[in-house]
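Participant:
Protein chains: 2
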Amino acid sequence: MARRDCRRRPEVECRDCELFGICRVAGLGSIDDSLLDEVVSRRCPVAKGERLLIPDTPFRGIFAVKSGAFRTISHIGQSDRVINFHFLGELIGLETIEGGHYLHTVEALEESSVCELGFAHLHRLGPRLVQFQEQLIQAMSRRMLHDQQICTLLRAQNSERRLAAFLYSVANRLNAGREPASEFRLPMRREDIASYLGLAVETVSRLLTQFSQRRIAELRGRNARILDFDSLCTVAGLNLRVGRAETEHPVKQL
Amino acid sequence: MARRDCRRRPEVECRDCELFGICRVAGLGSIDDSLLDEVVSRRCPVAKGERLLIPDTPFRGIFAVKSGAFRTISHIGQSDRVINFHFLGELIGLETIEGGHYLHTVEALEESSVCELGFAHLHRLGPRLVQFQEQLIQAMSRRMLHDQQICTLLRAQNSERRLAAFLYSVANRLNAGREPASEFRLPMRREDIASYLGLAVETVSRLLTQFSQRRIAELRGRNARILDFDSLCTVAGLNLRVGRAETEHPVKQL
DNA sequence: CGACGATTTGACTCTTCTCAATAAATGTGG
DNA sequence: CCACATTTATTGAGAAGAGTCAAATCGTCG
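Heads up: the protein sequence lines correspond to chains P and B, in order.
Residue numbers for the first sequence follow this note's numbering, so the first one is 606 and each next one is one higher.
Residue numbers for the second sequence follow this note's numbering, so the first one is 606 and each next one is one higher.
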């Protein structure tokens, strides 16, 4: 089984972390590193299954995943649902900045670590606060776009498409901004995937065996291998759109 | 037909607009109003069917709906989908701040008007920029929460729940932060609703007649009347969750 | 090895979609 | 203001997709 190397847990480089721009503002070019240290607490370990956040606790700051992976669980209604996964370099807690409280459970799927960006001492950034905010706004905007795409995915009724798009997305996100991985280890259970995609576990399972038969992707347990990226994209409906004439209505002149 | 009054098109008060905090930072307490005028261009009319934004045009700023309503259409894959509606006081374009280009088509569903917050001249805000960005971050965070709730809605498989939650949401949003309206006029077609909820038009139509029979809500054409808010919430799965205190901050509506 | 949880598979049911036809609403020109 | 054309909405019937329940298999960890 030369598949073992999928198991190693890489740490994300700071330059591939979504906090990078933010940390750079706080840290780079400063005479002492102490400013950065006051605002960002670095690389706190989180054990597998441990909860990083629980609902209704006061907002303290946002987090970036340094190693490992997390899932966010929403407790709306009677049943819990996985509403997000967080991979290397991604930010956690952006949606809670305004409300003053964390709203969901965030739990480590494996041995992980995070950097925390505390909001209490932001004023110490002084004149750099503007740049910091700018970076944050960029990150939030980026994330909103991503969330929109998830919504679009969930609206595209059929389950095949959802799962294909999910696999494609994970292959891309698993190593933080680099080329999509064709072979990787999934940190979450089938049930998490199903919950996230709004499907039944059995449906996910059946689709996976089907993908395997069609030589699109192969999952043995949590070891995943993408066999045919093109087909995967096609099934996911991520292909190039056809040229569209959009002349029906006048466009507001800005 | 004493239902006619549903047709009037109210303008949103500045204090109920999501730009309010932002405008206040720029405008209030300033000796001259000219600063605000340089950053926010106010109440531009947009005709019904006219497009406020089209994809791949350079980002200039964000918008707030002053009157009327809009829909955002995504062109991913082969079929277009409605991915958002924008009602009084709500912001448009937040997800495009980072990318530098608008990505979707935003179209007026009826005679509308918007305020535009241009990003080109933000530096003129000078020291107020920090407060401005703070406000923007708040607004974005709020919106992310809302989008997450939409996602949760879309994951909750059954169509009945989706439509009920949608109606509830519209009743709440239609008059910008005030009490939910029990009688209102829907600005969008059934097809838009279906697209937004990831359902077939026929399903929406069938559910609506069913809601009418169960005396939950009644839609004659675009005139809507909520007959039983409690039932609507129950069907939408929005009922009080067990054992959770949620009194600290207002519950975000869908 | 054995137990427990996770995953897969099968059989059946129910929901939602699709296609097709009709009905209602809206818009247009005379 | 009315008749007609066009879009939008509703309804019905049948098919496909996904869910549920139940059982079997696989994997992991003590």
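Positions of the beta carbon are idealized from the N, C-alpha and C atoms, including for glycine.
Could you name the residues of the same chain whose beta carbon sits closer than 7 Å to that of A805/P, not counting the 5 residues immediately before and after it, in chain order?
Facilitator: Closer than 7 Å at Cβ, skipping near neighbours: A799.
Participant: Pick from C720/P, L699/P and F816/P: whose alpha carbon is nearest that of R766/P?
Facilitator: Closest option to R766/P, Cα to Cα, is F816/P.
Participant: Check P650/P in the structure and name its three-state DSSP category.
Facilitator: Three-state result, P650/P: strand.
Participant: Kindly indicate the opening and closing residues of the beta strand (DSSP E) around N828/P.
Facilitator: N828 to I831 is the extent of the beta strand (DSSP E) around N828/P.
Participant: Going by DSSP in three states, R825/P sits in which element: helix, strand or coil?
Facilitator: In the structure shown, R825/P sits in a strand (DSSP, three-state: E or B).
Participant: Going straight from the alpha carbon of G626/B to that of L693/B, what length do you get?
Facilitator: About 15 Å.
Participant: Of the residues R790/B, D835/B, C628/B and L843/B, which one's Cα is nearest the Cα of L727/B?
Facilitator: Selected option, being the one with the closest Cα: C628/B.
Participant: Alpha carbon to alpha carbon, how far is L832/P from Q818/P? Give it in angstroms, no decimals.
Facilitator: About 11 Å.
Participant: Kindly indicate if chain P contains any beta-carbon less than 7 Å away from that of S746/B.
Facilitator: Answer yes: the Cβ-Cβ gap between S746/B and chain P drops below 7 Å somewhere.
Participant: With C-beta atoms as the reference, is L722/P less than 7 Å away from V645/P?
Facilitator: Yes, the Cβ-Cβ distance between L722/P and V645/P is below 7 Å.
Participant: For I681/B, would you say it is in contact with chain P, using Cβ-to-Cβ distances shorter than 7 Å as the test?
Facilitator: Yes, I681/B counts as interfacial toward chain P.
Participant: What residues from chain B crowd round R760/P, counting only those whose CB sits closer than 7 Å?
Facilitator: Per Cβ cutoff of 7 Å: R686, L759 and G803.
Participant: What three-state label does DSSP hand G842/P in the structure shown?
Facilitator: In the structure shown, G842/P sits in coil (DSSP, three-state: anything other than H, G, I, E or B).
Participant: Can you tell me which of I688/P, G731/P, S718/P and V735/P puts its alpha carbon nearest to the alpha carbon of E655/P?
Facilitator: Of the listed residues, the one whose Cα sits closest to E655/P is S718/P.
Participant: Out of L624/B, R686/B and G803/B, point me to the one whose CA is closest to Q762/P's CA.
Facilitator: Of the listed residues, the one whose Cα sits closest to Q762/P is G803/B.
Participant: Going by C-alpha to C-alpha distance, which of H691/B, S679/B and R665/B sits closest to G673/B?
Facilitator: Selected option, being the one with the closest Cα: H691/B.
Participant: Hey, would you say the C-beta of K671/B is under 6 Å away from at least one heavy atom of the ligand FAD?
Facilitator: With respect to small molecules bound, the structure shown includes none, and the ligand FAD cannot be examined in it.
Participant: Near S810/P, which residues of its chain fall below 8 Å by C-beta distance, leaving aside the five closest residues on each side in sequence?
Facilitator: Hits under 8 Å: R795.
Participant: Does the beta carbon of L750/B sit closer than 7 Å to a beta carbon anywhere in chain P?
Facilitator: Yes, L750/B lies at the interface with chain P (some Cβ there is under 7 Å from its Cβ).
Participant: Going along the chain, which residues of its own chain have a beta-carbon closer than 6 Å to the beta-carbon of L791/P, five neighbours each way excluded?
Facilitator: R827 and A829.
Participant: Which class does C720/P belong to by DSSP, given the choice of helix, strand or coil?
Facilitator: Correct three-state label for C720/P: strand.
Participant: Please work out which residues of its chain come closer than 6 Å, Cβ to Cβ, to N689/B, disregarding the five sequence neighbours upstream and downstream, and give them in chain order.
Facilitator: T677.
Participant: Which residue marks the beginning of the beta strand (DSSP E) containing N777/P, and which one marks its end?
Facilitator: N777/P -> not in any beta strand (DSSP E); alpha helix (DSSP H) instead, spanning S764 to R778.
Participant: Please check if any C-beta of chain B sits within less than 7 Å of the C-beta of Q736/P.
Facilitator: Judged by the 7 Å Cβ criterion, Q736/P is not in contact with chain B.
Participant: Would you decide whether A713/P is buried or exposed? Buried here means 16 or more other CB atoms lie within 10 Å of its CB.
Facilitator: Looking at its Cβ environment, which holds 16 or more other Cβ atoms inside 10 Å, A713/P is buried.
Participant: Using only the alpha-carbon positions, how far apart do N777/B and E788/B sit?
Facilitator: So the two alpha carbons sit approximately 11 Å from each other.
Participant: Name the residue from C756/B, I742/B and E700/B whose alpha carbon lies nearest to the alpha carbon of Y801/B.
Facilitator: Nearest C-alpha to Y801/B: C756/B.
Participant: Please report the distance separating the alpha-carbon of E784/P from that of E618/P.
Facilitator: Their backbone Cα atoms lie some 15 Å apart in a straight line.
Participant: Among L813/P, F675/P and D642/P, which has the Cα closest to the Cα of L658/P?
Facilitator: Checking every option, the nearest Cα to that of L658/P belongs to F675/P.
Participant: Quick check on G666/P: buried or exposed, where buried means 16 or more other Cβ atoms within 10 Å of its Cβ?
Facilitator: So G666/P counts as buried.
Participant: Determine whether the Cβ of L699/B lies closer than 7 Å to any Cβ atom of chain P.
Facilitator: At least one chain P Cβ lies under 7 Å of L699/B.
Participant: For V687/P, does the three-state DSSP call read helix, strand or coil?
Facilitator: Here V687/P sits in strand by DSSP.
Participant: Could you give the DSSP three-state label for E851/P: helix, strand or coil?
Facilitator: Note on E851/P: pLDDT 40, under 50, position unreliable in the model; the coordinate value appears next. Looking at E851/P - three-state DSSP - the assignment turns out to be coil, as it is neither helix nor strand.
Participant: Sort R733/P, T710/P, L812/P and S746/P by Cα distance to D685/P and report the nearest one.
Facilitator: D685/P has its Cα closest to that of T710/P, out of R733/P, T710/P, L812/P and S746/P.
Participant: To the nearest angstrom, report how far apart E739/B and I742/P are at their CA atoms.
Facilitator: Looking at the two C-alpha atoms, the distance is approximately 9 Å.
Participant: Under 9 Å Cβ-Cβ, which residues of chain B neighbour I798/P?
Facilitator: Result: empty, since nearest Cβ-Cβ is about 12 Å, beyond 9 Å.
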